[in-house]
Each structure stands twice: as C-alpha cells, then as structure tokens.
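Below is one structure, written out as structure tokens; comments come after it.
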Amino acid sequence: AQKVTQAQTEISVVEKEDVTLDCVYETRDTTYYLFWYKQPPSGELVFLIRRNSFDEQNEISGRYSWNFQKSTSSFNFTITASQVVDSAVYFCALSDPYNQGGKLIFGQGTELSVKP
Amino acid sequence: DTGVSQDPRHKITKRGQNVTFRCDPISEHNRLYWYRQTLGQGPEFLTYFQNEAQLEKSRLLSDRFSAERPKGSFSTLEIQRTEQGDSAMYLCASSFPGTEMYEQYFGPGTRLTVT
C-alpha cells in the first residue's frame, strides 16, 4: 500500500529562519511521482513541485528547495529565509499515474507558522 | 481559462437532506478527481473520471455518494441523506495526462457543514 508520512504536525519559526519540512513515503511501485502542495488559510491547494522517481536531482526555485532521496524514501522541502507569507499548511503527496489513475495519496500536512 | 471552479463554496444543511456540488475543470483536462478533506487532515481520494467514465471509487464513497460527469466536462457530487460525519471540505481537481503533466490543479473547494 502507498503511504505518505509527514511527522511534523506544526512548525513555528521566526521570519528569516530556514525551515525544512520532512516527507517520507512508502510504495512498491518503481515508477511514481512525488508532489508538494501549499494550502494557505484561504483553503485552495497550490501546486509547488512534481518530481518523478527517476529524477533524484535536487531542485531549487527561489527560496524553495527540495531534496529527493530514494535510498531513504524521503522528499524534504526547505524554505530559506522564511517570510510571513509562507505561513500555510504544506502537503506532500504521492501518485502512480500509470497504474492508479494518478490519484494523490497525501500526508497529514505540516502547518508552518512564520512569525514576524 | 482561470482554473478549476467549484460551486457552492459553502453549504450548510440539516442532517438527512441531500446536497449536490458542482465542479468545472480546466478546459481540455480530461481527468477529474474528487477528494474530501476533514479538519487537520490531508485530502483523501474519493473518485476520479477520465472523460465521462468513472474509473475508480474509494471505499470512502459509500452508497449515499454518487458522482457523475455526463459529457466529460463538469462533474457533480451528490450526497444523499447527509450525516454529521459528512461535514468536510470537498475538493475537485483536474489534470491532463500529457508528457509533462500529471500534476493536479485544485479548485477552491466546497465546505459542507451538516447540522
């Protein structure tokens, strides 16, 4: 069975601090995709990144960076120099678009609070 | 096209009533998904369509739930004889399984409160 675990329920940091959100996944599939979504207080899920299982290169987008390690089944997300606008709930998700129709299996989310 | 839209945004109903939600996906997105999100949890998959065909239903989708996508465009999710446990955010998402896609774009959700 597929499963995503986000062990950190809540994280609170002060603005400009770096913060890493952890994500550990379980799957027996060899081909899969991993995602991060942001859910601000308004409620709409915002897509941040997609990574396929064959691409373990780390990615950086502005203040955001992602570290994908198949050896530890982890796909961690780091925000550098956090800002108040980063306050939201962040979800890690897993899907197998070829065998399971692309449905997303979400973790429970990590609520990030960035204080000024 | 501005994205996935859902209607209504909020619905308050009394236990035992029927409710219906609508989702309009992004044009040309042939896959449409429904998820349910309860407070403090991640979204949970309910069902998905490829064009007008409903290809998978979760065990969460009891007999009181039915979803349709009659012409492969918009979709409706109906809950009959609502129960307090149905109170949740119902999210719709669409995707286009092209070579670079597979990410799902979500609508704003319909928040259901059953009193």
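From first to last, the protein sequence lines stand for chains A and B.
For the first sequence, the tail end lands on 160 under this note's numbering, and the numbers increase by one without skipping.
For the second sequence, the tail end lands on 111 under this note's numbering, and the numbers increase by one without skipping.
Cβ atoms here follow ideal geometry from the backbone N, Cα and C, with glycine treated the same way.
Values in this document were obtained by computation on a predicted structure and should not be read as measured data.
I'd like to know whether the C-beta of residue i is nearer than 8 Å to at least one C-beta of chain A.
i, result
"T95 (chain B)", "Interpretation of T95 (chain B) is limited by its pLDDT of 49, a score under 50 that renders its predicted location unreliable; no figure is taken from the coordinates."
"G68 (chain B)", "no"
"D44 (chain B)", "Before going further, note that residue 44 (chain B) is Tyr rather than Asp in the sequence given. It does: the Cβ of Y44 (chain B) has a partner Cβ on chain A nearer than 8 Å."
"R27 (chain B)", "yes"
"P104 (chain B)", "yes"
"F92 (chain B)", "no"
"E48 (chain B)", "no"
"Y101 (chain B)", "yes"
"F17 (chain B)", "no"
"E64 (chain B)", "no"
"P4 (chain B)", "no"
"Q13 (chain B)", "no"
Is there at least one Cβ from chain B nearer than 8 Å to residue i's Cβ?
i, result
"F91 (chain A)", "yes"
"Q52 (chain A)", "no"
"K47 (chain A)", "no"
"R72 (chain A)", "no"
"R107 (chain A)", "no"
"F150 (chain A)", "yes"
"K147 (chain A)", "yes"
"V63 (chain A)", "no"
"E88 (chain A)", "yes"
"R95 (chain A)", "no"
"F121 (chain A)", "no"
"F112 (chain A)", "no"
"F98 (chain A)", "no"
Can the beta-carbon of residue i be found less than 8 Å from the beta-carbon of residue j?
i, j, result
"Y69 (chain A)", "L92 (chain A)", "no"
"M85 (chain B)", "R107 (chain B)", "yes"
"H25 (chain B)", "S71 (chain B)", "no"
"L89 (chain A)", "L156 (chain A)", "no"
"S131 (chain A)", "K60 (chain A)", "no"
"R5 (chain B)", "T111 (chain B)", "no"
"G103 (chain B)", "Q2 (chain B)", "yes"
"S139 (chain A)", "I123 (chain A)", "no"
In the DSSP output, which residue or residues are listed as bridge partners for residue i?
i, result
"L33 (chain B)", "Checking the sequence, you will find Gln at residue 33 (chain B) rather than Leu. Answer is B:M85."
"E64 (chain B)", "B:T72"
"E45 (chain A)", "Residue identity check: residue 45 (chain A) is Ala in the sequence provided, not Glu. Its beta-bridge partners do not exist; DSSP assigns none."
"K53 (chain B)", "B:T43"
"Q83 (chain A)", "A:V133"
"L28 (chain B)", "B:F45, B:S90"
"K114 (chain A)", "According to DSSP, K114 (chain A) bridges with nothing at all."
Taking residue i as the reference, which of the options has the closest Cα?
i, options, result
"T16 (chain B)", "B:P104, B:S90, B:S69, B:R60", "B:R60"
"Y81 (chain A)", "B:Q13, B:G38, B:T34, B:K53", "B:G38"
"R65 (chain B)", "B:N14, B:S58, B:L28, B:T109", "B:L28"
"Q46 (chain B)", "B:D82, B:W30, B:R77", "B:W30"
"D82 (chain B)", "B:C19, B:S23, B:R32", "B:R32"
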